[in-house]
Amino acid sequence: MFTSVLMIEKPLSSVDVEFVSTLHGDEGVSFVVLMQPRGDQADVLLRAIDDVALGRVDEAVREPDKPRGEEAKPLAQRGLEATLEALRARGHEAVGQVVAEHPLDLLKSVVAETGADEVIVLTAPHYVEEFFHRDWASRARHKVGVPVLKLFSHNE
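Quick note: to get this note's numbering, add 304 to the position in the sequence shown (first position is 1).
Written out as structure tokens, the structure is:
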């Protein structure tokens with residue numbers, strides 16, 4: 305069985321579940337999902353710049369109203385559970401956890417412990433972080449020792 309570690313920021317949409325479920329054709333895939341809640345680790349200013357660059361000025365203005373840090377963990381846990389249920393409904397093995405701190409350190413240890421074949425980072429575009437190679441996928445490529453695939457999430 306092929307093992308993928310899936311790093312996400314929000315619950316997977318049905319389109320995302322379909323997409324990651326079909327990446328390897330008919331081969332069985334087991335997922336280890338790491339849900340990174342919105343937190344202090346991501347610079348609010350960088351997210352606001354990304355929102356403006358994508359034409360989502362209203363999102364940039366509402367940024368301070370969104371839960372972060374400890375307040376975001378219960379929401380992240382519910383999102384993780386919904387994602388795991390959706391992957392299991394597609395016939396995959398799926399386990400996961402909410403990442404409290406140091407997501408890349410945890411990612412490295414999860415890859416090593418599970419013998420993962422790949423890492424999939426499924427995220428919204430973060431143009432500023434990507435430009436400076438500070439996004440998760442760019443940083444993970446130097447840490448995990450397996451292929452890292454970056455995909456952009458879909459909205460429903």
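Where a beta carbon is used, it is the ideal one built from N, C-alpha and C, also for glycine.
Inset, instruction - Consult DSSP for Gly383 and reduce its assignment to one of helix, strand or coil. - result: Correct three-state label for Gly383: helix.
Legend entry - Residue(s) in a DSSP beta bridge with Ser398: For the record, residue 398 in the displayed sequence is Ala; it is not Ser. According to DSSP, which records beta bridges pairwise, Ala398 is partnered with Phe335.
Inset, instruction - Count the other C-beta atoms from every protein chain shown that fall within 10 angstroms of the C-beta of His437, then say buried if there are 16 or more, exposed otherwise. - result: Because the pLDDT of His437 is 49, which lies under 50, any placement of that residue in the model is unreliable, and the number read from its coordinates should be weighed accordingly. It counts as exposed.
Inset, instruction - Would you mind sorting Gly383 into buried or exposed? The rule is 16 or more other CB atoms within 10 Å of its CB. - result: buried
Legend entry - Contact between the stretch 383 to 396 and the stretch 311 to 320 (3+ Cβ pairs under 8 Å): Verdict: yes, contact present.
Legend entry - Other residues of its chain near Phe335: CB distance less than 6 Å, five sequence neighbours each side excluded: The answer, listed in chain order, is Ser308, Leu310, Leu391, His396, Ala398.
Legend entry - Nearest neighbour of Arg394, chosen from Leu410, Val324, Pro315, Ile312 [CA to CA]: Val324
Inset, instruction - Let me know the secondary structure DSSP gives Asp344 once reduced to three states. - result: At Asp344, the pLDDT of 49 sits below 50, so the modelled position is not reliable and the matter cannot be decided from this model.
Inset, instruction - Specify the secondary structure class of Glu405 as computed by DSSP and reduced to three states. - result: coil
Legend entry - Beta carbon of Leu338 nearer than 8 Å to that of Val414: yes
Inset, instruction - With a 10 Å radius around its C-beta and 16 neighbouring C-beta atoms as the bar for buried, classify Pro315 as buried or exposed. - result: buried
Legend entry - Cβ-based burial, Thr427 [other Cβ within 10 Å; buried from 16]: buried
Inset, instruction - Keeping to the same chain, check which residues put their C-beta closer than 7 Å to that of Pro368; ignore five residues upstream and five downstream. - result: Because Pro368 carries a pLDDT of 47, less than 50, the predicted location of this residue cannot be relied on, and the following value inherits that uncertainty. Once the five neighbours on either side are set aside, Pro368 has no close Cβ partner at all.
Inset, instruction - Could you tell me if Gly419 is buried or exposed, where buried requires 16 or more neighbouring beta carbons within 10 angstroms of its beta carbon? - result: exposed
Inset, instruction - Use the C-beta contact count for Pro341: other C-beta atoms within 10 angstroms, 16 or more gives buried, fewer gives exposed. - result: buried
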